[in-house]
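Chains as they are written, first to last, in full-length UniProt numbering: chain U, 1 to 569; chain Y, 1 to 319.
Even for Gly, the Cβ is constructed at its ideal location relative to N, Cα and C.
Computed from a predicted structure; not experimentally measured.
This report concerns only the one structure given below.
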Ligand code: HEM
């Protein structure tokens, strides 16, 4: 029994160790990169569900399988989540011990001075004409800002052991912790955020963020039920789109006004110029200009002489020319009997072209340009029962085809109309294409966590910069009285250096440092001897990787990566 | 903003000339490599005689100044030509910018051209610090191919940009991406050649000819590491700037748009590269492979994502 518990705990410990090792992190990083690829190569629901349907139609055998396995919604798929959750756990398991280790190191003193400094990758030696204490004092002075420890050895020998660059590991920890903060911020945004789109006519129409039903489409976060939307209203006064002669969009600008807070319900409005790249930020939400289109205005004169005017948005079928389609629906005026009304409802459907162009027959309407230069419509007029009383919702852009199939809604005219032209139905009803209005579609986005994501991102960057720029490095000084009298000076000074991180590039700094340390009160007569500055890789271009290799391992072992521990030379 | 077509013609001319000059420079470097082996040996003898340490990548500056061997002169001419090409290349982008009155990276053609210029400049800077001239031909080859494709298949007339690109973030985000992508292209070439050299060092009969002419594997490793370490923070910044821009332009800071996603994938690969250098058993060959994969992801992002998938990135549509 006891041995089973021991075995189980050993198993858990090993699993944990395995999961939090650098190698696992590496494999998980790869898996993450690999798993994201189908999200690029295959169409995704979140980006374009039409393309997904197209793909599935073309690949009827594997399409449904890919769909079931989540390949069309990769970034919400459980296997994708599994990878980053494992990475997360690995990261936590890796960070905690490293943080503890780092805090310990902050209080630790630099290590002992190695016996043989000449075996370090950086080394210099010289005899000087100052005494030992003077050299040590000067060395302390020069190494201000380094963490130092002064030591003594038999025979009047004194040493300084100094280390610098602790911030590198701090930067690394900040980087990894901030990555986690960033992911948490992202997740919170997905929980409490929302995003909705709505079309508003650019004729002074108002729109308020007061409920889900005010939107044409709405994507709530997991905890959003639509009851607590940020209250604000916008009014769209006018819209201007400018296109280059090539048809390429040049500028979009909507003059809008908004109100929030105490202004709500009053007639105090704040003007704003809404543009692409210039969202309105109000009441913690953002309002974006997403698109625009046209609403042809029709005037219907009924047989009894009454007129009705309507302009309903039609939707663009082509973003390049803004050829649009839609359905403008009318109830006969003054008819109270529902049965009677259902015989005389009207729908004007068809195409709208902002700049009319016709094919060679002169009949088929297309659009040559997205701006309103020469507007025209090609309409089919239906009369009968639109099905609006049936209770089931219908699209504002089309009529209910079932009514047509059932014979309850009949086509009574088909004609092309230019601006101001009119057609007459068999019962004497006249329909005039009277003008063009504009609409814009706006998006409202809400994500209170995004500012935290930004903060985390800045920290990620700062941490990464620090951990890549700062070098963890050491320098040792051994100062001994010159017993043998060699070289003429009174004191022999030896300097050794070691960079503990991957970066090459300690050589130059060490060169300067050694120069200063050795220059301390050199006697005028003593021949200056710099012995074997054999490994100044920056200068000689030789290979630094050898000795650094060891130091890297050491550091990593200390960092808790779970590798073989090796002591500093 | 009207387009100055004279300037844009000069820009095109500079571009074509720059490619031609790069090709010449590449040929000179190749010639140096082809004839250079014996020269290296001779230099080493000279060095030893002068009391130096015979290192394969030891620069010969100041040691054998007189009577410089022909291959070395060819190599140096290659470098000079590369500098000239870079100047013209820069001029072509600057003229585009002047012709259109905006930063010259508003479409695929301009973007790739700018990335290649970034790579050439990174290469020239590296060349001042490390003696890796033997790599010249290998660095220039992919750049010439990229520039050729950009100038033919992806060429776009000078013109204004769509509203979504009218933002100062175009300057910030894209310049960071341009520089970091250019620099990692150099890193990728270095890692690729590291793989060749490491195999050659392990067994001199593999890649016998090529291997013997490359700088030492460690020098290549260091070059790859240095360039990647420079590029990664910049790439991180570029992706973040892109997210900030996307928040203003598209209504969300992250939406798994294909281009965003591939940029993130490359970033993760470069993070894996740094990790692999810190992982026992992964240093050396495996790390180099990771960097090569990163290189592939970068090129993939340049071309494939723009051409095959259509995301929100406005210059995804070519032309
Ligand atoms: C979200 C996933 C991760 C990302 C994006 C990431 C990224 C990075 C980057 C860019 C570096 C380079 C900084 C430097 O060289 O100092 C780095 C270093 C490091 N990472 Fe991670 N990391 C992740 C997860 C992990 C995990 C799970 C572990 C632990 C198992 C880990 C352990 C380390 C260590 C020890 C270093 C220092 C390497 C060195 O000294 O050069 N990382 N990481």
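Ligand 2 heavy atom lying under 7 Å from the CB of residue i
{"i": "residue 204 of chain U", "result": "Among the ligands present in this structure, namely ligand 1, ligand 2 is not found."}
Reduced DSSP secondary structure (H/G/I, E/B, other) of residue i
{"i": "residue 302 of chain U", "result": "coil"}
{"i": "residue 324 of chain U", "result": "strand"}
{"i": "residue 144 of chain U", "result": "coil"}
{"i": "residue 446 of chain U", "result": "strand"}
{"i": "residue 44 of chain U", "result": "coil"}
{"i": "residue 111 of chain Y", "result": "helix"}
{"i": "residue 571 of chain U", "result": "Residue numbering for chain U in the displayed model covers 1 to 569; residue 571 of chain U lies beyond these limits and cannot be assessed."}
{"i": "residue 161 of chain U", "result": "strand"}
{"i": "residue 319 of chain U", "result": "coil"}
{"i": "residue 374 of chain U", "result": "strand"}
{"i": "residue 524 of chain U", "result": "With a pLDDT of only 40 at residue 524 of chain U, under the threshold of 50, the placement of this residue in the model should not be trusted; the figure read from the coordinates follows. Here residue 524 of chain U sits in coil by DSSP."}
{"i": "residue 237 of chain U", "result": "strand"}
{"i": "residue 417 of chain U", "result": "strand"}
{"i": "residue 10 of chain Y", "result": "helix"}
{"i": "residue 360 of chain U", "result": "coil"}
{"i": "residue 623 of chain U", "result": "No statement about residue 623 of chain U is possible, as the shown extent of chain U runs from 1 to 569 and does not include it."}
{"i": "residue 296 of chain U", "result": "strand"}
{"i": "residue 4 of chain Y", "result": "coil"}
Residue i versus residue j - alpha carbon distance
{"i": "residue 478 of chain U", "j": "residue 168 of chain U", "result": "27 Å"}
{"i": "residue 56 of chain Y", "j": "residue 28 of chain Y", "result": "Because the pLDDT of residue 56 of chain Y is 38, which lies under 50, any placement of that residue in the model is unreliable, and the question is left without a value."}
{"i": "residue 132 of chain U", "j": "residue 124 of chain U", "result": "17 Å"}
{"i": "residue 267 of chain U", "j": "residue 422 of chain U", "result": "39 Å"}
{"i": "residue 80 of chain Y", "j": "residue 10 of chain Y", "result": "23 Å"}
{"i": "residue 275 of chain Y", "j": "residue 31 of chain U", "result": "14 Å"}
{"i": "residue 337 of chain U", "j": "residue 314 of chain U", "result": "30 Å"}
{"i": "residue 534 of chain U", "j": "residue 495 of chain U", "result": "Bear in mind that the predicted position of residue 534 of chain U carries a pLDDT of just 37, short of 50, making it too unreliable to give a figure here."}
{"i": "residue 260 of chain Y", "j": "residue 169 of chain Y", "result": "15 Å"}
{"i": "residue 155 of chain Y", "j": "residue 97 of chain Y", "result": "15 Å"}
{"i": "residue 327 of chain U", "j": "residue 390 of chain U", "result": "18 Å"}
{"i": "residue 382 of chain U", "j": "residue 349 of chain U", "result": "8 Å"}
{"i": "residue 230 of chain U", "j": "residue 243 of chain Y", "result": "24 Å"}
{"i": "residue 52 of chain U", "j": "residue 72 of chain U", "result": "7 Å"}
{"i": "residue 122 of chain U", "j": "residue 507 of chain U", "result": "7 Å"}
{"i": "residue 92 of chain Y", "j": "residue 207 of chain Y", "result": "38 Å"}
{"i": "residue 4 of chain U", "j": "residue 286 of chain Y", "result": "39 Å"}
{"i": "residue 102 of chain Y", "j": "residue 7 of chain Y", "result": "13 Å"}
{"i": "residue 212 of chain Y", "j": "residue 138 of chain U", "result": "49 Å"}
Test: residue i CB closer than 8 Å to a CB of chain Y
{"i": "residue 465 of chain U", "result": "yes"}
{"i": "residue 249 of chain U", "result": "yes"}
{"i": "residue 44 of chain U", "result": "yes"}
{"i": "residue 279 of chain U", "result": "yes"}
{"i": "residue 39 of chain U", "result": "yes"}
{"i": "residue 286 of chain U", "result": "yes"}
{"i": "residue 318 of chain U", "result": "no"}
{"i": "residue 29 of chain U", "result": "yes"}
Pick from the options that is closest to residue i, judged by C-alpha positions
{"i": "residue 227 of chain Y", "options": "Y/124, Y/166, Y/161, Y/212", "result": "Y/124"}
{"i": "residue 183 of chain U", "options": "U/353, U/483, U/202, U/457", "result": "U/457"}
{"i": "residue 235 of chain U", "options": "U/416, U/109, U/273, U/361", "result": "U/273"}
{"i": "residue 509 of chain U", "options": "U/497, U/519, U/430", "result": "U/497"}
{"i": "residue 204 of chain U", "options": "U/215, U/233, U/347", "result": "U/233"}
{"i": "residue 40 of chain U", "options": "Y/69, Y/255, Y/182", "result": "Y/255"}
{"i": "residue 86 of chain Y", "options": "Y/153, Y/122, Y/99", "result": "Y/122"}
{"i": "residue 182 of chain Y", "options": "Y/147, Y/201, Y/196, Y/165", "result": "Y/147"}
CB contact check: residue i to chain U, cutoff 8 Å
{"i": "residue 166 of chain Y", "result": "yes"}
{"i": "residue 278 of chain Y", "result": "yes"}
{"i": "residue 21 of chain Y", "result": "no"}
{"i": "residue 240 of chain Y", "result": "yes"}
{"i": "residue 252 of chain Y", "result": "yes"}
{"i": "residue 328 of chain Y", "result": "Chain Y is shown from 1 up to 319; residue 328 of chain Y falls before or after that span and cannot be answered."}
Inset, instruction - Count the C-beta pairs between the segment 162 to 178 of chain U and the segment 191 to 204 of chain U that are closer than 8 Å, then say yes if the count reaches three, no if not. - result: no
Legend entry - Cβ contact check for the segment 142 to 150 of chain U and the segment 60 to 70 of chain U: 3 or more pairs under 8 Å: no
Legend entry - Any 3 or more C-beta pairs closer than 8 Å across the segment 247 to 259 of chain U and the segment 268 to 285 of chain U: yes
Inset, instruction - Assess, as a yes-or-no matter, whether the segment 424 to 436 of chain U is touched by the segment 289 to 301 of chain U under the definition of 3 or more beta carbon pairs within less than 8 Å. - result: yes
Inset, instruction - Please determine if the segment 201 to 215 of chain U and the segment 167 to 181 of chain U are in contact, where contact requires at least 3 C-beta pairs separated by less than 8 Å. - result: no
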